[in-house]
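Using full-length UniProt numbering, you'd call the opening residue of the sequence shown number 1 and step up by one each time.
Here's the structure, in structure tokens; my notes come after.
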Amino acid sequence: MPSPRTSQRLARGAAALLILLAGAEIGRRVADLPSLPALVDLQFDLTPRSQSYKVFDANPIARSSHPQALPVALRPLEINVPWKKNGQLSMADFLKTTATHAFVVVQDGSVVYERYIDGFDANSRFTSFSVAKSFVSALTGVALMQGKIKSLDEPIGHYLKSDELAPAYAGITIGQLLDMRSGIDVDERYAGSLTSPVVRMFVSTDLHSFLARRHGLRFAPGERFEYRSVDTLVLSRVLARATGMPLSDYAQQALWEPLGMEQDASWSVDSRKHGVEKAFCCLNTTAREFARLGLLYLNQGRIGERQVVSNAWSNEPRRPDNRSDILEYHDGWWIPPGNAQDQDFSAIGVFGQYIYVNPATRTVIVKLSDYGAEQDEVLTTLAMRRISHYLAGRD
1 MPSPRTSQRL ARGAAALLIL LAGAEIGRRV ADLPSLPALV DLQFDLTPRS QSYKVFDANP
61 IARSSHPQAL PVALRPLEIN VPWKKNGQLS MADFLKTTAT HAFVVVQDGS VVYERYIDGF
121 DANSRFTSFS VAKSFVSALT GVALMQGKIK SLDEPIGHYL KSDELAPAYA GITIGQLLDM
181 RSGIDVDERY AGSLTSPVVR MFVSTDLHSF LARRHGLRFA PGERFEYRSV DTLVLSRVLA
241 RATGMPLSDY AQQALWEPLG MEQDASWSVD SRKHGVEKAF CCLNTTAREF ARLGLLYLNQ
301 GRIGERQVVS NAWSNEPRRP DNRSDILEYH DGWWIPPGNA QDQDFSAIGV FGQYIYVNPA
361 TRTVIVKLSD YGAEQDEVLT TLAMRRISHY LAGRD
């Protein structure tokens, strides 16, 4: 049995700990941060990043009322792909090296290769990370075709109120948000955990307040490209106002329903209280469902006889001619080097999420992973180009 003095010390220590925890909880609420267990989980990756949707609240997205199964015509894929230092990797080593969980190849509308690793399967749901930006781009195209927004040249001040957006941002156009040319000052660097503005945005429980507190511009809108997730968040708020519904509801109506999605999905939100989608990331669905966005663009905006998004819009990512040795960005999609012949493009999410589209070979490839942040993205897109060539007999 402890002595009275020891008991007093234990009591004082427990009281101090409770005060510390109480202070942390108050600070957390003031700072619009998630619960302490959620913060610990995110900080130390207790939940794999590809499964981080399990940490956040989410808005549901119902599967289509007329789900359409993708045809399956599996083929062997025993090739090597180009990799570092002019080397090559076998398919098995490529998937292992890049920490792949799901890899689905669709060619000419049929699933021709499908591989799941680490206990995942065709029904496993994954977090999109920035692949979501390409979905927001598609939704922008649908809204434009439906007349819900009039032009990409419209200033966003036409849609968002002064208490939602700093006056300095009112003249930014929808097109500048789409191409990451807004100049809104929310740094994209991930280092520093909660001191990083983009990380604070990622974990915020009140994205409306987060945006309302932003005032600075790094450069004049339209001056140059600078990748900023906040641009997609602001664009999503414009879409919500223009369509009169939450982004997730519009995604169900404009994409999930006509694309014949077979699975329910979700879009992570800041909190149950506010319900603002983390539009810059965090669309959660299966590998095959991610592939359907690529198929929409591959088929020039059509699903069967229905024009879901305009032909011109779906062809936009094919237009740029990337003669550099780095990825370029256009209309919510990444353009790999040397794309002139294939006109290929890709949605890319941090930690290795991809929807790669190759119009020349009629191929869509989905890769979902837990790889390093922004790691080997050019190499990965070139490896997928090689796979698409092989399957199309252009090896």
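Positions of the beta carbon are idealized from the N, C-alpha and C atoms, including for glycine.
Asked, Found
"According to DSSP, residues forming a beta bridge with R302", "Q307"
"Sequence-distant residues of the same chain with beta carbon closer than 7 angstroms to G175, five excluded per side", "L152, D153"
"The stretch 346-363 touching the stretch 289-305, judged by at least three CB pairs closer than 8 angstroms", "yes"
"Opening and closing residue of the beta strand (DSSP E) in which A102 lies", "100-107"
"Own chain, CB closer than 7 angstroms to Y390, minus 5 neighbours either side, in chain order", "I79"
"At least 3 beta-carbon pairs within less than 8 angstroms: the stretch 159-176 vs the stretch 187-200", "no"
"For P221, the nearest candidate out of Y250, P167, L247 (CA to CA)", "P167"
"Stretch-stretch touch, CB-based, cutoff 8 angstroms, three pairs: the stretch 116-129 with the stretch 95-104", "yes"
"As assigned by DSSP and simplified to three states, the class of E114", "strand"
"Minimum C-alpha distance to T381 - residue among S64, V81, M180, L33", "V81"
"Exposure label - F280; buried when at least 16 CB within 10 Å", "buried"
"Cutoff 8 angstroms; reference E374; Cβ partners in own chain excluding five residues on either side", "V350"
"Alpha-carbon to alpha-carbon, I365 and residue 396", "The requested residue 396 is not part of the displayed model; the chain covers only 1 to 395."
"Three CB pairs or more closer than 8 angstroms across the stretch 262-277 and the stretch 61-70", "yes"
"8 angstroms Cβ cutoff met for V309 and L296", "yes"
"Residue closest to residue 409, alpha-carbon to alpha-carbon, out of E226, G275, V40, L139", "No answer is possible for residue 409: it lies beyond the span of the chain, which begins at 1 and ends at 395."
"Coil, strand or helix - I365 by DSSP", "strand"
"Cβ-Cβ separation, Q43 to T127 (assumed contact under 8 angstroms), whole Å", "Their Cβ separation, rounded to whole angstroms, is 17 angstroms, which puts T127 and Q43 out of contact at 8 angstroms."
"Residue closest to V112, alpha-carbon to alpha-carbon, out of K54, P71, Q341", "P71"
"Cβ contact check for the stretch 174-191 and the stretch 321-338: 3 or more pairs under 8 angstroms", "yes"
"Host alpha helix (DSSP H) of P37 (start-end)", "36-43"
"N- and C-terminal bounds of the beta strand (DSSP E) containing F345", "345-349"
"Rounded separation between F135 and L255 - CA only", "9 angstroms"
"Alpha-carbon spacing of V234 relative to L211, whole angstroms", "8 angstroms"
"Expected contact under 8 angstroms - CB spacing of L327 and V378 to nearest Å", "6 angstroms"
"Per-residue DSSP class, three states only, for P82", "strand"
"Residue burial classification, N284 (beta-carbon count within 10 angstroms, cutoff 16)", "buried"
"Euclidean distance between Cα positions of K150 and L144", "6 angstroms"
"Buried versus exposed call for V40 [16 or more other C-beta atoms within 10 Å across all chains shown]", "exposed"
"Beta carbon of residue 402 nearer than 8 angstroms to that of T361", "Absent from the structure is residue 402, since the part of the chain shown begins at 1 and ends at 395."
"Buried or exposed (CB count within 10 angstroms, at least 16 for buried), N339", "buried"
"Whole-angstrom C-beta distance between V276 and L165, which should lie under 8 angstroms", "The pair is not a contact, with the Cβ atoms about 14 angstroms apart (cut-off 8 angstroms)."
"Contact under 8 angstroms by Cβ, K278 with F202", "yes"
"Cross-strand partners of P67 (DSSP beta bridge)", "BP columns for P67 are empty, so no partner."
"Backbone secondary structure at I156 - three-state DSSP", "helix"
"Inside the stretch 136-210 only - alpha helix (DSSP H) runs reaching at least 4 residues", "174-178, 197-203"
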